[in-house]
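Asks: Note that the protein sequences, when read in sequence, are chains A and B. Under our numbering, the residue at position 11 of the first sequence is numbered 75, and the numbers go up by one with no gaps. Under our numbering, the residue at position 45 of the second sequence is numbered 49, and the numbers go up by one with no gaps. The beta carbon of each residue, even a glycine, is placed where N, CA and C say it ideally should be. Predicted model, so just to flag it, every value in this text is computed and none were measured. Let me begin by handing over the structure; questions about it come next.
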Amino acid sequence: DAGVTQSPTHLIKTRGQQVTLRCSPKSGHDTVSWYQQALGQGPQFIFQYYEEEERQRGNFPDRFSGHQFPNYSSELNVNALLLGDSALYLCASSSYLAGGEETQYFGPGTRLLVL
Amino acid sequence: QKEVEQNSGPLSVPEGAIASLNCTYSDRGSQSFFWYRQYSGKSPELIMFIYSNGDKEDGRFTAQLNKASQYVSLLIRDSQPSDSATYLCAVNSYTGGFKTIFGAGTRLFVKA
Chain A
65 DAGVTQSPTH LIKTRGQQVT LRCSPKSGHD TVSWYQQALG QGPQFIFQYY EEEERQRGNF
125 PDRFSGHQFP NYSSELNVNA LLLGDSALYL CASSSYLAGG EETQYFGPGT RLLVL
Chain B
5 QKEVEQNSGP LSVPEGAIAS LNCTYSDRGS QSFFWYRQYS GKSPELIMFI YSNGDKEDGR
65 FTAQLNKASQ YVSLLIRDSQ PSDSATYLCA VNSYTGGFKT IFGAGTRLFV KA
């Protein structure tokens, strides 16, 4: 049973560029949430996707956008990168239909460095 | 006041001792509570979740929840060096829409 997968594992970008991160949820899960984790901090909620719609959004600017595909996989896009966007980006999946939407399982993360 | 607060530590305990990790939260609408373990450079790994007041035990781990005091804790019995990690408390709330809020984590060192 495959767990949550994310790609790429590491990424280096320069300020002003755009980046797309990808996530495939755990088998049987239909909900994907994205988090940003800066060094020494806890994960910060960016947004959550279910049924290809953004269900909830955290306190992040519109430069952060996402998408969920019919197979439940998801992308996180960040435009006009800033140095402060350097962080570990985590994807977590859960199952809303199975009533387990609250229990989230994390992927390995994508470490983004903005120079 | 932070929405979820944890002592940043580091908390140092000898091997075989009980490690006690604490977390407080501000939103009384919070309904479910989670403890994650995160090794350096890795992603969070779910250890336990608890929804009801009281204790919940799973192997060497016991989660304790007191909603009246807005307090949740994690006890690790017979601590092992492999338990050395950062422990993240997470709280789910439906106030104003579903959201998961993490504390900044407590670093735990178990000395052999």
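Can the beta-carbon of B:R81 be found closer than 8 Å to that of B:S12?
Replies: no
Asks: Closer than 7 Å by C-beta to A:A144: which residues in its own chain qualify, once you throw out the five before and the five after it? Chain order, please.
Replies: G80 and R127
Asks: Report the residues of the region 98-111 of chain B with a CB closer than 8 Å to any CB of chain A, ordered along the chain.
Replies: G101, F102, K103, T104, I105, F106, G107, A108 and G109
Asks: Comparing the C-beta of A:L154 with each C-beta of chain B, is any distance below 8 Å?
Replies: yes
Asks: For A:Q132, list the residues DSSP reports as bridge partners.
Replies: A:S138
Asks: With 8 Å as the threshold, decide whether the Cβ of B:P18 is near any Cβ in chain A.
Replies: no
Asks: Within 7 Å: the Cβ of B:N96 and any heavy atom of the ligand ZN?
Replies: What this structure holds is no ligand at all, so the ligand ZN is not there to describe.
Asks: Looking at C-alpha atoms only, which residue of A:T69, A:P134 and A:V178 is the closest neighbour of A:W98?
Replies: A:T69
Asks: Taking the beta carbon of A:L140 as the centre, do at least 16 other beta carbons fall within 10 Å, making it buried, or is it exposed?
Replies: Burial state of A:L140 is buried, judged by a 10 Å Cβ sphere holding 16 or more other Cβ atoms.
Asks: Would DSSP call B:D59 helix, strand or coil?
Replies: strand
Asks: Taking the C-alpha atoms as reference points, what is the distance between B:D87 and B:M52?
Replies: 14 Å
Asks: Residues in the same chain with beta-carbon distance under 6 Å from A:R175, minus the five sequence neighbours each way, listed in chain order, please.
Replies: H74 and L152
Asks: Please report the straight-line C-alpha distance between B:L25 and A:F170, rounded to a whole angstrom.
Replies: 21 Å
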